[in-house]
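Down below is the structure, laid out as structure tokens.
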DNA sequence: GTATTTGAACTGACTGGTCAGTGCAAAAAT
DNA sequence: ATTTTTGCACTGACCAGTCAGTTCAAATAC
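Protein chains in written order, with our numbering: chain G, 595 to 820; chain U, 595 to 820.
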């Protein structure tokens, strides 16, 4: 055995930067770190293969953790997945809200808010492509254990977009004939699919580039030369 | 042995009523009918639960067929799924092409073609919601057996939209600054997500209604009162 | 027309492997 | 001293795929 080198290298590596964030507030930091590792391992595996095709052994292995640890931290495979969903969508909605509020503080209109949210969406997908992939894949399924969780969490995110649209209508900035719910869904779809396409098929393009293309579409500058 | 009573009763019972339907044309009609039943059973089950969570036994049971029959007709579970994908996307692309050509014959412009394709997409999703669901769920996965099939099949569908956009740019009907590939993806996403939302959360609405909302978005009649 | 043959289509019990989840004693971290 | 993690053997359910045997309708023979 080479000194300083262990077979299953057990280095206390700092992966994220969790330690300073809300130090002490419920659970120990070590536990939080393991959970984070498990999330990261699970999200990519499940995005690639789907929930059922991904085994707990794989998740544990990729996280560099024993199988027992998975069950020490989560009641079951589905619970791990559900908490992962909640965690991820939490990040997204926070980011969307911040984007909308940012433009409001800067005195921008609702179109600016929508545009900022499109960018926030792109940034999110750029940072967490696997999560996005997985989310899309599960969203419209029925008969699954985490169905209700997914519902709640979806609503949180879409509600932010709907809110901005509604405010825009109230302020007279958008036509009052628009269908808020459907338009919100369509906008989300636009960003989602374009971004996944970007990441999958032309990853070399810059975020600004993609953002510009979507902005143009949003502002109806497609038909008719500018 | 009791006369008139055999252990495995061999009565010439009429089960289906296949005999008159298109007698002979390529493969046997019976076989084709079973395959169709299997497609239908598989598409809903896989849409609901995902590929891995759906068992061959379930598919067979829902199709009203023995498990062996599945393997008589398809080499494996994945092959059944791949052929199902090809079959479904074939229907979609045909429908999109027809929509675009229809407006061309009627002397409409490319905006009309896009609008007609949006409608065709909605009609398709209205008729085959399960297939759409399943398609979306699998499209951005990686590391799966049918990955390449999915790629080919996706390109066929998106190419139709891209084609119309390109023609529109060439004809000066669309700004030549649009990004064809990204815009096509965004449009597909818009329709896809809005339609799935419609089917999942407000199924009572009419197709015309949904189509109107998307048309408005396409033509940039969202920002600014009309 | 009736009997027999043929081959494609179908059946369902069975097999071999996989995997979620358990149990627990020892080790490590805090 | 307590919490957390490890390592690993084990179980029981579940499931893809197989295969020897069965059904049936059309073709051929009588």
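Built from N, CA and C at the ideal position, the CB exists for glycine as well. Just so it is clear, the structure is predicted and the values come from calculations on it, not from any experiment.
Cross-chain neighbours of residue i in chain G, by beta carbon under 9 Å
i	result
residue 645(U)	644, 646 and 647
residue 731(U)	644, 730, 731, 732, 733, 734 and 735
Neighbourhood of residue i by C-beta distance below 8 Å, restricted to the same chain and skipping five residues each side
i	result
residue 814(G)	none
residue 745(U)	none
residue 742(U)	none
residue 628(U)	657, 659, 663 and 667
residue 804(U)	716, 788, 789 and 792
residue 730(U)	786 and 790
residue 617(U)	Confidence in residue 617(U) is poor, its pLDDT being 37 and thus under 50, which makes the residue's placement unreliable; the coordinate value appears in the next sentence. Correct list, in chain order: 623.
Collapsed DSSP secondary structure at residue i in the structure displayed
i	result
residue 768(U)	strand
residue 813(G)	coil
residue 616(U)	Confidence at residue 616(U) is low in this model, with a pLDDT of 35, below 50, so the placement of that residue should be treated as unreliable; the coordinate-derived value is given next. Residue 616(U) falls in the coil class under three-state DSSP.
residue 796(G)	coil
residue 660(U)	coil
residue 633(U)	helix
residue 773(G)	coil
residue 645(U)	coil
residue 703(U)	coil
residue 736(U)	coil
residue 670(U)	coil
residue 665(G)	helix
residue 722(U)	coil
residue 595(U)	Only weak support exists for where residue 595(U) lies, its pLDDT of 31 falling under 50; the coordinates are left without a value.
Under 8 Å from the C-beta of residue i: neighbouring residues of chain G
i	result
residue 808(U)	776 and 780
Interface residues of chain G facing residue i [CB-CB closer than 7 Å]
i	result
residue 783(U)	783, 784, 786, 787 and 788
Contact list for residue i against chain U, beta-carbon separation under 7 Å
i	result
residue 811(G)	777 and 780
residue 773(G)	807
residue 706(G)	Within chain U, no residue comes near residue 706(G); the closest Cβ sits about 10 Å away, beyond 7 Å.
Close-in-space but distant-in-sequence residues of the same chain around residue i (CB under 7 Å, 5 per side omitted)
i	result
residue 739(U)	672
residue 807(G)	none
residue 651(G)	661
residue 694(G)	707, 710, 711, 754 and 758
residue 648(G)	639 and 640
residue 747(G)	679, 680 and 683
residue 762(U)	704 and 768
residue 749(G)	none
residue 700(G)	none
residue 653(G)	632, 635, 636, 639 and 664
Under 8 Å from the C-beta of residue i: neighbouring residues of chain U
i	result
residue 794(G)	734
residue 727(G)	734 and 735
residue 651(G)	Chain U residues near residue 651(G): none, gap ~15 Å exceeds 8 Å.
residue 709(G)	Within 8 Å Cβ-Cβ: nothing; residue 709(G) doesn't reach chain U, min ~10 Å.
Within chain U, partners of residue i - CB distance below 9 Å
i	result
residue 738(G)	642, 643, 644 and 647
residue 804(G)	773 and 776
residue 720(G)	None at all; the shortest Cβ gap to chain U is about 14 Å.
Cut-off 6 Å between Cβ atoms - residues of its own chain near residue i, not counting five sequence neighbours on either side
i	result
residue 706(U)	697
residue 785(U)	712 and 715
| message | Could you check whether the region 772-781 of chain G touches the region 718-733 of chain G, counting it as contact only if at least three pairs of C-beta atoms, one from each stretch, sit closer than 8 Å? | response | no
| Cβ pair count under 8 Å reaching 3, the region 760-768 of chain U against the region 799-809 of chain G | no
| Do three or more CB pairs link the region 676-691 of chain G to the region 738-757 of chain G at distances below 8 Å? | yes
| Is the region 781-791 of chain U touching the region 723-731 of chain U in the sense that three or more CB pairs, one from each, lie closer than 8 Å? | yes
| Within the chosen definition, does the region 730-744 of chain G reach the region 632-650 of chain U through at least 3 CB pairs nearer than 8 Å? | yes
| Are three or more beta carbon pairs between the region 674-681 of chain U and the region 629-639 of chain U nearer than 8 Å? | yes
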